[in-house]
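Numbering-wise (the working numbering), the sequence shown opens with residue 2 and increments by one.
Built from N, CA and C at the ideal position, the CB exists for glycine as well.
Right, one structure below, let's go through it.
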Amino acid sequence: MRARLKFLLLYYLYWLGFFAVARAVFLGFFYPKSASLPAAALLGAFVHGFRLDLSAAAYLSLLPFLLVALSAVRGFTKAAGHLVLFLTVLAILIVSLLVAADLEIFRNWGRRIDASVLIYVGNPAEAWASAGGGPRLLLLVVLGVLSIGFITLAVRPFRRRWAAFPPIHPTGGLALFVPAALLVIPARGGMQQIPINQSSAYFSANAFANQAALNVGWNFFDSWVKGLNRRDNPYTVMPADSARALAAPPPISLRGFLPPLLRTQRPNLLLVVWEGLTARAVERLGGVRGATPAFDSLAQTGLLFRRFYAAGDRTEKGLAALLSGAPTVPNASILMVPSKAATLPMLSKDLGTAGYQSAFYYGGELGFANLKGYVLEGQFGRVVGKEDFPKSSWNSKWGAHDGPVADRVLGELRGMRPPFFVTWLTLSSHEPFDVPGPIRVPGNDGESRFLNSLAYTDHVLGDFLRRASAEAWWDSTLVVIVADHSKKLERTDADVPYKSAASWYHVPMLWTGGALARRGENVDALASQVDLAPTLLAVLGIAGGERYRFGYNLFATLRPGAFYGFDDGFGLVTEYGSLIWEHIPNRVTSSAGVTTEADLLLGRAMLQLAYQDYLDR
């Protein structure tokens with residue numbers, strides 16, 4: 002049994018060695034970029050990519066580990082050895098091919114290989130011709146050296162060690178299943194709550210250093226599992242030009258800004274993204290009483306958007322909409338696909354070009370839903386997450402509660418150079434809704450606990466803004482408070498239709514702060530999360546708003562409908578009603594108010610365009 006355990010360890014280390022060499026090949030191939038990195042960043046690519054290497058090695062080792070355990074079965078030892086060797090050689094050939102192809106993909110596209118390249122499998126001649134003669138030869142050399150080298154390294158020692166396996170008792174064979182079962186730990190990246198994703202490898206403000214830290218095999222197969230190789234749009238119902246004419250937003254304009262919206266031309270921006278804040282919990286929006294008294298009070302002196310809708314139903318979808326103007330599409334989340342997320346425009350980048358210093362704060366795990374990778378791609382100058390807070394403040398299941406984070410944000414804002422753009426993603430109103438006392442909304446049912454968690458964040462935010470109003474930067478700061486997504490009130494709205502707009506997607510947005518000139522007003526125009534970035538850029542007179550192709554300048558344009566995506570369908574809110582359409586059974590499954598066939602056609606055009614945009618990225 003000892004010989005088999007030693008074999009398992011060496012087999013796992015073999016794959017870790019392969020991935021280290023593959024990363025070195027990537028850095029060497031792009032030597033000019035690598036040479037510009039400091040030594041710490043080069044080392045960081047290996048250190049921070051190691052968890053992905055561990056995960057990829059675990060997946061590749063699973064079947065061989067199981068076969069080693071089965072080799073204890075009398076008469077199957079030799080056959081198991083042949084199978085393990087065959088699987089190993091096959092895996093080396095496949096992953097070596099990915100490593101070589103990845104070099105050309107990155108050279109042309111600036112991103113690591115993923116399953117989207119499978120669309121070229123049907124046209125191998127064109128794909129091969131797209132690489133120049135020099136690169137083709139070099140890629141073949143890389144493929145040959147890697148595959149032949151590692152196959153040679155494996156075959157002879159493998160046969161020698163396998164032949165030396167002594168017979169063992171069947172109970173010993175059963176014990177050998179334990180190492181195979183333990184592979185689940187490195188495969189998911191550890192024992193933490195959130196499984197590993199590409200964000201775990203992101204560590205630098207330098208995009209190339211982060212790209213080098215990725216594991217090419219893990220990246221490819223993760224995207225393949227997520228269906229990134231799909232290129233057909235199942236929601237196409239009309240020619241693309243017709244869909245664009247019907248639904249595409251007009252150019253961003255500054256018309257209609259009377260009276261002045263701001264007291265200063267280039268204010269600081271503080272964006273507070275409130276976890277799960279539903280309009281149904283805000284009394285000023287007709288919701289239940291008692292959950293958000295501070296927000297309700299702020300709304301009396303701010304600019305309250307009363308018909309504002311979330312684009313999706315998860316945090317990462319809300320962030321993509323708010324910061325990048327990306328609509329949510331069915332059965333997908335663009336932040337979960339780093340190669341697509343990297344192509345999105347981003348408010349932080351555009352503001353950075355205009356001289357804004359930026360920071361991102363979140364009390365939870367930045368590895369969640371590729372959040373870390375996304376904000377680093379967005380060139381936030383400072384990124385603060387759970388690991389940056391003392392463990393004593395991790396009194397939430399997910400990380401540090403909003404109270405300690407608020408103190409950190411307020412303290413560090415004093416040292417930021419204006420103009421600054423700070424995004425604070427709150428945490429405490431996430432399930433399981435365990436928040437520090439006192440209890441503000443009594444009750445032990447799910448809805449009461451949720452409302453109590455909102456009341457906690459409301460108290461924290463109210464206190465934060467009260468203290469902030471005494472700071473020197475306050476008079477030149479615009480504060481935007483908006484939800485990442487809504488949440489249905491399980492008791493109050495128990496009988497509402499599935500994914501209905503009022504209960505599932507209606508969220509508040511409030512503008513306040515010392516830089517706001519228009520106060521105590523309501524904005525009743527239809528609005529969506531995808532409108533925030535282009536609207537802010539237009540208000541500030543900063544170019545780039547046209548790249549947020551699904552967003553509108555809310556102060557210059559009347560939106561024909563607020564669109565949101567879910568599961569396998571969409572919802573649309575218009576001036577006079579709302580509807581829900583589901584792909585299967587291909588019909589409107591619920592509606593409210595007055596809706597027409599034209600509304601349905603508008604929604605389907607929006608869905609077609611949004612999904613095609615997702616596919617094309």
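Residues of its chain near residue i, where Cβ-Cβ distance is below 6 Å and the 5 sequence neighbours each way are ignored
i	result
Gly566	Thr329, Val330 and Pro331
Gly257	Low confidence applies to Gly257: its pLDDT is 48, below 50, so where it sits in the model is not reliable enough to give any reading.
Leu367	Lys373 and Gly386
Met607	Ala248 and Phe564
Leu270	Phe422 and Leu479
Phe451	Phe434
Alpha-carbon to alpha-carbon, residue j and residue i
i	j	result
Tyr1	Ala4	Residue 1 falls outside the range modelled here, since the chain spans only 2 to 618, and no answer is possible.
Leu215	Ser224	13 Å
Arg548	Phe309	21 Å
Met337	Asn220	11 Å
Lys489	Ala101	48 Å
Ala213	Phe87	30 Å
Phe51	Gln199	11 Å
Gln609	Ala244	7 Å
Pro509	Ser394	29 Å
Ala599	Leu573	12 Å
Ile152	Asp403	53 Å
Ala282	Phe107	47 Å
Tyr375	Ala155	38 Å
Asp532	Ser97	44 Å
Selection from the options that minimises the alpha carbon distance to residue i
i	options	result
Lys392	Gly364, Gly368 and Val376	Gly364
Asp314	Leu11, Thr536 and Tyr499	Tyr499
Met239	Leu603, Asp617 and Asp614	Leu603
Leu414	Leu466, Ser56, Ala23 and Pro437	Leu466
Ala182	Asp403, Val410, Leu63 and Asp435	Leu63
Leu144	Ser37, Ala23 and Glu284	Ala23
Arg113	Leu452, Gln609 and Ala343	Ala343
Val497	Gly514, Phe421 and Ser591	Ser591
Thr493	Ala280, Val595 and Phe31	Ala280
Pro168	Arg161, Pro419 and Thr78	Thr78
Arg520	Arg157, Trp16 and Leu305	Leu305
Glu576	Val589, Ala526 and Leu601	Ala526
Ile95	Phe222, Phe47, Gly82 and Leu43	Phe222
Tyr60	Thr237, Thr89 and Val146	Thr89
His460	Gly562, Ala292 and Ala599	Ala292
Arg285	Gly552, Ala333, Val524 and Arg450	Val524
Thr597	Ala611, Gly562, Val142 and Val481	Gly562
His49	Trp425, Pro535 and Ala202	Ala202
Residue environment, residue i, which counts as buried when at least 16 other CB atoms sit within 10 Å
i	result
Asn587	exposed
Ile149	exposed
Ile581	buried
Asp568	exposed
Asn554	buried
Leu91	exposed
Thr458	buried
Ile585	exposed
Val118	buried
Asn445	exposed
Lys398	exposed
Val185	exposed
Glu472	exposed
Leu10	exposed
Neighbourhood of residue i by C-beta distance below 8 Å, restricted to the same chain and skipping five residues each side
i	result
Gly319	Val274, Ala311, Ala312, Gly313, Ala484, Asp485, His486 and Gln530
Gln380	Ala206, Met347, Ser349, Lys350, Gly353 and Ser359
Gly45	Phe204, Ser205, Ala210 and Ala214
Gly174	Ala70, Leu71, Ser72, Ala73 and Val74
Residues bridged to residue i [DSSP beta-bridge criterion]
i	result
Arg588	Glu583
Phe47	Phe47 pairs with nothing; no bridge assigned.
Leu154	Looking at the DSSP assignment, Leu154 forms no beta bridge with any residue, so it has no partner.
Ser359	Phe422
Phe564	Leu573
7 Å Cβ shell around residue i - same chain, five flanking residues per side excluded
i	result
Leu139	none
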